[in-house]
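Quick notes on the structure that follows.
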Amino acid sequence: RSLQPVDYDYQVFVHLLDAQGHKVAQRDGQPVQWLRPTSTWQPGEEISDRYGILLSADIVPGTYTVAVGLYDPVTGQRLPVSAGPQDFAIEIGPIAVSR
Numbered sequence: 733r734s735l736q737p738v739d740y741d742y743q744v745f746v747h748l749l750d751a752q753g754h755k756v757a758q759r760d761g762q763p764v765q766w767l768r769p770t771s772t773w774q775p776g777e778e779i780s781d782r783y784g785i786l787l788s789a790d791i792v793p794g795t796y797t798v799a800v801g802l803y804d805p806v807t808g809q810r811l812p813v814s815a816g817p818q819d820f821a822i823e824i825g826p827i828a829v830s831r
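Residues in the sequence shown are numbered from 733 upward in steps of one, following the numbering used here.
Encoded structure:
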C-alpha cells in the first residue's frame, strides 16, 4: 500500500533468505504481472500480488524467510517500508522447505 502518490515505476523483489540472512533464491518483477505499475497506485489503495520462486534442486531443507520490497530498477536503490524488522523489506516467515 502506498502512503502517497508515486510518480515512478518501481520493481518488486522477493528474496528467500536462509537462517543467516543470505539470499538463496529470488524473483523480481513489475507489480501484478505488469498490469499495475507503481505509478498507477493511489494513496491508501491495497495492491495484491503473487510471486512464485523457483528453488534449485540442491537447496538445503530447513527454515527460511521471505523478504519483499520495492526498488528503483535503474539505480537498485530500495524504497523504505513502514513495517517489518528491516528498513527496506518486509519479512514473511518462517517458511519450511523440505524435499
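The beta-carbon is built from N, C-alpha and C at its ideal position, and this holds for glycine as well.
With distances taken from CA atoms, which of 826, 824, 828 and 738 is nearest residue 776?
Locating residue 776 in the sequence shown gives position 44, counting from the first residue. Checking every option, the nearest Cα to that of residue 776 belongs to 738.
Helix, strand or coil: how does DSSP classify residue 772 here?
On the sequence shown, residue 772 is found 40 positions in, with the first residue counted as 1. Reduced to three states, the DSSP call for residue 772 is helix.
Considering only residues of the segment 792-825, which uninterrupted beta strand (DSSP E) runs meet the minimum length of 3 residues and lie entirely inside it, listed in chain order?
Within the segment 792-825, the complete beta strand (DSSP E) runs of at least 3 residues are 794-803.
Any chance the segment 809-828 sits against the segment 777-789, with 3 or more Cβ pairs inside 8 Å?
Taking 8 Å as the limit for Cβ pairs, the verdict is that the segment 777-789 does not touch the segment 809-828.
What three-state label does DSSP hand residue 761 in the structure shown?
Residue 761 sits at position 29 when you count from the first residue of the sequence shown. Looking at residue 761 - three-state DSSP - the assignment turns out to be strand.
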